[in-house]
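Undergrad: Here it is, the structure, as structure tokens.
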Amino acid sequence: MDHDGLGVAFAMEFCPNGDLWSYVERYGPPQTNTACTWLWQISSALEFLHDSHTIHRDLKPNNVLLDERWVCKVADFGLARVLEDGAGARSQVGTIMYRAPEILTHQPYTEKVDMWALGCTMHSLLTHTLRSINIEVYSNPNLRSDLQAELAEHGHAESLVKLIIELVNMSPAARPSARSVRTTVEELLVMSPATSPIQSPISSMQRSSSARNPMNPDSHSDLIGRAWGAREPRLQSAHSDPPTSPVQSALRSTLNGYDNNRPSGDPCRQGSMQPQVAQRVGLEPEHTPHRRATAPELHHLMGPDTDIDLSALGFV
């Protein structure tokens with residue numbers, strides 16, 4: 001209840017690290033490794049929703065927040081709906097740019113509208129553009145190949161680009177499910193380092209942590225954007241300190257799926273990474289979601305030259 005006893009208020013989780021669009025606005029498009037991390041986390045949350053017969057209906061970069069551990073959290077469920085058995089929704093809702101074609105054409109729709117929105121969301125984040133794919137699809141017969149070329153120009157892995165293109169298929173039935181997206185991204189993460197274009201966060205941490213130009217998005221792909229609601233310049237001065245070091249951010253990114261304290265129903269725990277995925281991103285196989293790494297173990301992983309203060313991050 002509020003202070004005068006006349007209303008009801010919800011106490012919600014605070015996500016202090018902004019939304020994904022804030023990140024891209026500040027640092028530019030993410031590299032493939034960061035993009036796969038985001039895609040895995042968002043698809044895990046959507047899988048949890050869709051297994052509960054719920055559709056979000058307003059997925060977009062601004063509605064994906066970053067918590068204190070730099071984990072993506074799908075937010076704003078004001079338009080969410082529980083689907084009845086065998087029935088589709090019909091309401092014309094959602095941010096127009098991210099609406100699936102079947103919504104625009106007043107057709108019954110299912111949870112596959114969230115998968116279309118996920119594809120559009122990832123395209124926006126990886127290219128730092130706002131493009132009405134749902135409108136262009138009717139006027140540009142080469143749209144899918146154009147989108148694929150545009151994503152490839154930003155240097156992303158062919159397998160990731162292909163997955164995003166599959167999400168923006170005109171046919172809802174042809175779009176992959178949230179579970180399929182999650183498992184596909186896991187397969188990308190466990191590819192051999194010799195053949196995988198995805199860079200391990202550990203290798204990022206082992207590089208020099210000296211000051212880098214914050215205006216270069218590639219050098220700050222692991223930095224998370226400004227605090228939610230903070231009124232800061234769009235880009236930092238090249239001589240100012242970033243909000244957190246690349247080493248700290250890479251560490252948090254590596255550990256973002258391994259919080260043992262999450263409730264069993266938490267979407268980010270529901271589809272926890274398999275041990276081989278943990279190994280691919282730099283942790284030992286025994287570092288499953290049910291066990292946090294210790295400070296000595298992390299020091300061993302990062303090497304003797306690291307200057308990061310693990311105790312300041314809560315590790316013992």
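Anchor point for the sequence shown: position 10 equals 10 in the UniProt record's numbering, and the numbering is continuous, going up by one each time.
Glycine included, every Cβ here is placed at the ideal spot set by N, Cα and C.
Keep in mind the model is a prediction, meaning the values are calculated, not measured.
Please list, in chain order, all residues of the same chain as Leu79 whose beta carbon is under 7 angstroms from its beta carbon, the five residues on each side excluded.
TA: So the qualifying residues of the chain are Arg57, Asp58, Val93, Gly94.
Undergrad: In angstroms, rounded to a whole number, what distance separates the CA positions of Lys162 and Cys36?
TA: Each residue's Cα considered, the two are about 13 angstroms apart.
Undergrad: Apart from the five residues just before and just after Pro29, which ones in its own chain have a Cβ nearer than 7 angstroms to its Cβ?
TA: Excluding residues within five positions, the ones whose Cβ falls inside 7 angstroms are Leu125, Leu126, Thr127, His128, His154, Pro217.
Undergrad: Please state whether DSSP places Val161 in a helix, a strand or coil.
TA: The answer is helix: DSSP assigns Val161 an H, G or I state.
Undergrad: Ordered along the chain, which non-local residues of its own chain (more than five positions away) have a Cβ less than 8 angstroms from that of Pro108?
TA: Only Ala87, Gly88, Ala89, Arg90, Glu102 meet the Cβ criterion.
Undergrad: Taking its Cβ as the centre, do 16 or more other Cβ atoms sit within 10 Å of Asp114, making it buried, or is it exposed?
TA: Counting Cβ neighbours within 10 Å, Asp114 comes out buried, since at least 16 surround it.
Undergrad: Per DSSP, Lys112 is paired with what?
TA: DSSP output for Lys112 lists no bridge partner at all.
Undergrad: What are the residues that DSSP puts in a beta bridge with Lys60?
TA: Answer is none; Lys60 lacks a bridge partner.
Undergrad: Short of 7 angstroms in beta carbon distance, which residues of its chain neighbour Val82, apart from the five on each side in sequence? Order them along the chain.
TA: Cβ neighbours of Val82 beyond the five flanking positions: His53, Thr54.
Undergrad: Nearest-angstrom Cα distance between Arg175 and Gly5?
TA: Their backbone Cα atoms lie some 47 angstroms apart in a straight line.
Undergrad: With a cut-off of 8 angstroms, do at least 3 Cβ pairs link the segment 39 to 49 to the segment 175 to 190?
TA: At 8 angstroms Cβ cutoff, the stretches touch.
Undergrad: Please report how far the alpha carbon of Gly119 lies from the alpha carbon of Ala11, in whole angstroms.
TA: Roughly 31 angstroms separates the two Cα atoms.
Undergrad: Strictly by DSSP, which residues pair up with Cys72?
TA: DSSP, once it has assigned bridges, lists Leu66 as partnering Cys72.
Undergrad: Does the distance from the CB of Asp76 to the CB of Asn63 come in under 8 angstroms?
TA: For Asp76 and Asn63, yes; Cβs fall inside 8 angstroms.
Undergrad: Straight-line CA distance for His156 to Pro172?
TA: Near 25 angstroms, if we compare the C-alpha coordinates of Pro172 and His156.
Undergrad: Would you report the Cα separation of Leu147 and Thr110, rounded to the nearest angstrom?
TA: Cα to Cα, Leu147 sits roughly 24 angstroms from Thr110.
Undergrad: Please return the same chain residues whose Cβ sits closer than 6 angstroms to the Cβ of Lys73, not counting the five positions on each side in sequence.
TA: For Lys73, where only same-chain residues beyond five positions count, the Cβ hits under 6 angstroms are Cys15, Leu65, Asp67.
Undergrad: Which class does Asp19 belong to by DSSP, given the choice of helix, strand or coil?
TA: The answer is strand: DSSP assigns Asp19 an E or B state.
Undergrad: Given that a residue counts as buried once 16 or more other Cβ atoms are within 10 Å of its Cβ, and exposed if not, what is Asp19?
TA: The residue in question, Asp19, is buried, as its Cβ has 16 or more Cβ neighbours within 10 Å.
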